[in-house]
Amino acid sequence: MRRALSRIALLVVLLAPCAPLGAQVVKPDSAALDSIARAKSAADTLSTTDQLIKASGLIHIQLAPLPLIGAGALLAEGGRQVFSRDSIDWVASQTVGDLLALVPGVYLQRGGGFGRPEMPTYRGRGAGSVEFVLDGMPYRPVGHDTLAVDASLFSLGLLDRVEVEPSPSRLVVKLWTRRHDRQAPRTKVGLSAGDRSIAQYFASFERRYPNGWGTSLAADYFGINAPQGGTGASHVTNAFLQLGYLPTAHFGVQGQLMVQATSRDLFLADGTETLDTLTDALKGTRTDGQIRASWHADPSGLGSRVDLIAGRTTWSGDTVSRTIGSLGVIAGYRRPTWSAELTTWHQSQWTSLDSRLALGWSPVGRLSGSVELVEQRHTGDRNSAWATARIGLRLPLGLVATGTMSDGHRVTIPSLLTDRVRGFTDYGASLGFAQRRIALDVGYVRNGAWQPVAFPEFRLVPQVGPQPLVEWASVHARLAPLGWLTLESRYDHPLNNYLPEGTPPHHAITTATINSRFLHNFPSGIFRMKLQGIMESWSPGVAGRDTSGTAIPLGGATYFRGIFQLQVGPFIAFYDRSNMRVSKAGYVPGYRLPSLMTRFGVRWEFDN
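The opening position of the sequence shown corresponds to residue -13 in my numbering, with each subsequent residue numbered one higher.
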């Protein structure tokens, strides 16, 4: 890939002077002089200063894009965790998996270092415990990943917003691609490098026109070589194209295409193609396309709204080729104090019907509630139906109390034809408060018995034992003794002396962050510096079971990571150092993280 880019760059340099050289052989007659005069006049008219002034004016002209699809329903207090574009750029995360690792109850099973699989498991429920939605359309595993979605394959640069909706036993992750709402074009470039020849290149261009047309183009490439004498090289390319037309403030159509090409080499424990294989080789391309027609009564988001979507997902790989068609309708109505949204999807494989009704209500500022009703029909005469209710209450002294309950029956992984319907009743509650200098939240979750499914990406852990009734406790605390210093930590563990499988019994992530804008020296706020240390630790536990049913021990570990970021206006430079303690253990037994891995780079977004 880098050789190809180098050849393209060399070709551009060689060809760049061709036009001027050709012009030099033309005799200086009157036509040539007139052309030179016209060119000089045009250059004077479109000077750099004029272009900057024009672009500066266009930045302030706002052109409303299509509304975020699937984001119109009210949720009770504490019902979602939001990562906006600014927080995505500024958080110490390189992948969507890194973002999910910050969510209470999530344990990210990493299959090694950068470029390896990152499979999130929520409260020990294994594959299928995390559900993804991309731009309103369910993002199903369709190829090699028919059991679960690999969170490391998404490009964070393509995303504008990430919302995480937790319930006692399931996590819904909603992803939205970039949206441009200004008349001035927006461009973003980024590149990074690091150990083992890490290379990442990103570029995007977005443009909106007053007549309603708009387009977005983006591409991201990530590659890492195998260690000397080892295996596990990885290359992932993401490309995105979107074209939209909004002739009025109430109606618009939009088509988009996302392509994800993945090439991962065989990952071996000792460099031999024997039973020591850790992760199978992967080579294939996933394509997600959708066409959307949207009507909304009020551009502010209130009133009625209807979206019609037709989607097509394909996977083409060495061993598997599959295509899934989707048709969906999302109809909603929103008022300041309540909302209703009905979503219905038909898919050509595994889940022929996925219907959800979401109701939200906030009669007063201190009280909020929401209910979601779900019904699904799957291949093999199986069906899922459950309800999730949430309530939030703001109490005196700044306290906030929340409660959640889920009840029904569900097929965890519809693509696994042997996966049967299981009933469940799970609930949770939390109590906390948040002030400028201090915040504390204590949570409790009770999960009924369940049968988790192991991730096939990790061949050394082929199965996970049944999970009995288990109670979980979680604590999230934040202390900011100074305006530029923040200490934050989250901690999860089971209460009833149960040793979970697939997730450690005691798991904590702690950060110490120095974040300053140096406003005394830079009053405009254009400058920002962040220095953060991250410590993730867990106690010994059980990773799962081998083919004979014997428990596989998960060793305790402590990882240290440091990140430095510097921002000057829209320009961000970063330096990331992981596994600074040189720990030999892994998130999954047998899958070690490289020691002292370094990654650094820059990102620059500008309106031109």
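Using N, Cα and C, we set each Cβ at its ideal position, and we do this for glycine too.
Does Ile538 pass the burial test, meaning 16 or more other C-beta atoms within 10 Å, or should it be called exposed? Taking every protein chain shown into account, the CB of Ile538 has 16 or more other CB atoms within 10 angstroms, so this residue is buried.
Between the Cα of Gly241 and the Cα atoms of Arg406, Arg272, Ser202, which residue gives the shortest distance? That would be Ser202, whose Cα lies nearest to the Cα of Gly241.
With distances taken between CB atoms, is the gap from Trp436 to Arg408 smaller than 8 Å? Contact: yes.
Buried versus exposed call for Trp199 [16 or more other C-beta atoms within 10 Å across all chains shown]: Exposure of Trp199 is indicated by the presence of fewer than 16 other C-beta atoms within 10 angstroms of its C-beta.
Exposed or buried, Asp478, counting other C-beta atoms within 10 Å across all chains shown (16 or more means buried)? Flag for Asp478 reads buried.
How many Å lie between Ser141 and Arg165 at the Cα? Answer to the nearest angstrom: the Cα atoms are 15 Å apart.
Counting pairs of Cβ atoms below 8 Å between the region 479 to 492 and the region 130 to 140, do you hit three or more? A contact between stretches requires three or more CB pairs, one per stretch, nearer than 8 Å, and the region 479 to 492 fails this requirement with the region 130 to 140.
Please list the terminal residues of the continuous alpha helix (DSSP H) segment that includes Ser73. The continuous alpha helix (DSSP H) containing Ser73 extends over residues 71 to 76.
Pair every Cβ in the region 512 to 530 with every Cβ in the region 550 to 567, then say whether three or more of these pairs are closer than 8 Å. Because the criterion of three Cβ pairs below 8 Å is met, the region 512 to 530 and the region 550 to 567 touch.
Ends of the alpha helix (DSSP H) at Gly83? Run containing Gly83: 82 to 86, per the alpha helix (DSSP H) assignment.
For a test of the three-state rule: what should DSSP assign to Ile614, helix, strand or coil? In the structure as shown, the chain starts at -13 and stops at 594, and residue 614 therefore has no counterpart that could be examined.
What do you reckon, are the CB atoms on Ser401 and Trp458 nearer than 8 Å? In this structure, the beta-carbon distance from Ser401 to Trp458 does not fall below 8 Å.
Buried versus exposed call for Ile45 [16 or more other C-beta atoms within 10 Å across all chains shown]: Here Ile45 is exposed, its C-beta having fewer than 16 other C-beta atoms within 10 Å.
When you measure from the CB of Pro452 to every non-hydrogen atom of the ligand SAH, does any distance come out below 7 Å? Among the ligands in the structure shown, none appear at all, so the ligand SAH cannot be discussed.
For Leu157, which beta-bridge partners are listed by DSSP? In DSSP, Leu157 forms a bridge with Val116, Pro152.
Please classify Gly129: does DSSP put it in a helix, a strand, or coil? For Gly129, the three-state secondary structure derived from DSSP is coil.
Continuous beta strand (DSSP E) stretch holding His479: start and end: His479 -> beta strand (DSSP E) spans 471 to 480.
Shortest alpha-carbon distance to Asp470 belongs to which of Ser502, Pro486, Gly488, Phe69? Reading off the sequence, residue 470 comes out as Trp, not Asp. Put simply, of Ser502, Pro486, Gly488, Phe69 the residue whose alpha carbon is nearest the alpha carbon of Trp470 is Ser502.
Does the region 363 to 375 come within contact of the region 383 to 399, defined as at least 3 CB pairs closer than 8 Å? The region 363 to 375, when compared against the region 383 to 399, does touch it at the 8 Å Cβ threshold.
What do you reckon, are the CB atoms on Gly98 and Phe253 nearer than 8 Å? Result yes, Cβ atoms of Gly98 and Phe253 sit closer than 8 Å.
Measuring CB to CB, does His493 end up less than 8 Å from Tyr93? Closer than 8 Å, so yes.
Would you kindly work out how many angstroms separate the C-alpha atoms of Ala267 and Leu446, rounded to a whole number? Computed Cα separation, rounded: 15 Å.
Integer Cβ distance of Ala543 from Ala498, believed to fall under 8 Å: Contact between Ala543 and Ala498 is absent: CB atoms are separated by about 19 Å, not below the 8 Å threshold.
Bounding residues of the beta strand (DSSP E) (the contiguous stretch that carries Ser401): Run containing Ser401: none; DSSP gives neither H nor E here.
Phe508, buried or exposed, once every other Cβ within 10 Å from all chains shown has been counted against 16: Answer is exposed; the Cβ neighbour count stays below 16.
How many angstroms separate the CA atom of Ala255 from the CA atom of Thr263? When rounded, the distance between both Cα atoms is 6 Å.
Residue span of the beta strand (DSSP E) that contains Lys570, given as start and end: Unbroken run through Lys570: none, as it is neither H nor E.
Please determine if the region 228 to 244 and the region 49 to 63 are in contact, where contact requires at least 3 C-beta pairs separated by less than 8 Å. As far as the Cβ criterion goes, the region 228 to 244 touches the region 49 to 63, which means the pair count is three or higher.
Would you check if the distance between the CB atom of Arg126 and the CB atom of Ser155 is smaller than 8 Å? In terms of Cβ geometry, Arg126 and Ser155 do not form a close pair [threshold 8 Å].
Beta-bridge partners of Arg406, as assigned by DSSP: Arg406 is not bridged to any residue.
Pick from His221, Ile558, Ala204, Gly176: whose alpha carbon is nearest that of Pro103? It is His221 whose Cα lies nearest to the Cα of Pro103.
CB contact flag (Thr265, Glu443, <8 Å): Going by beta carbons, Thr265 and Glu443 fall inside the 8 Å limit.
For Ala247 versus Thr223, is the C-beta spacing smaller than 8 Å? Against a cut-off of 8 Å, the Cβ pair of Thr223 and Ala247 comes out as a contact.
Starting from Val360, follow the beta strand (DSSP E) in both directions and report where the run begins and ends. For Val360, the uninterrupted beta strand (DSSP E) run begins and ends at 353 to 364, by DSSP.
If we require 4 or more residues per run, which alpha helix (DSSP H) segments fall completely within the region 531 to 572? The region 531 to 572 is shown to contain no whole alpha helix (DSSP H) run of 4 or more residues.
Is Arg182 helix, strand or coil by DSSP? DSSP, reduced to helix, strand and coil, places Arg182 within a helical segment of the structure shown.
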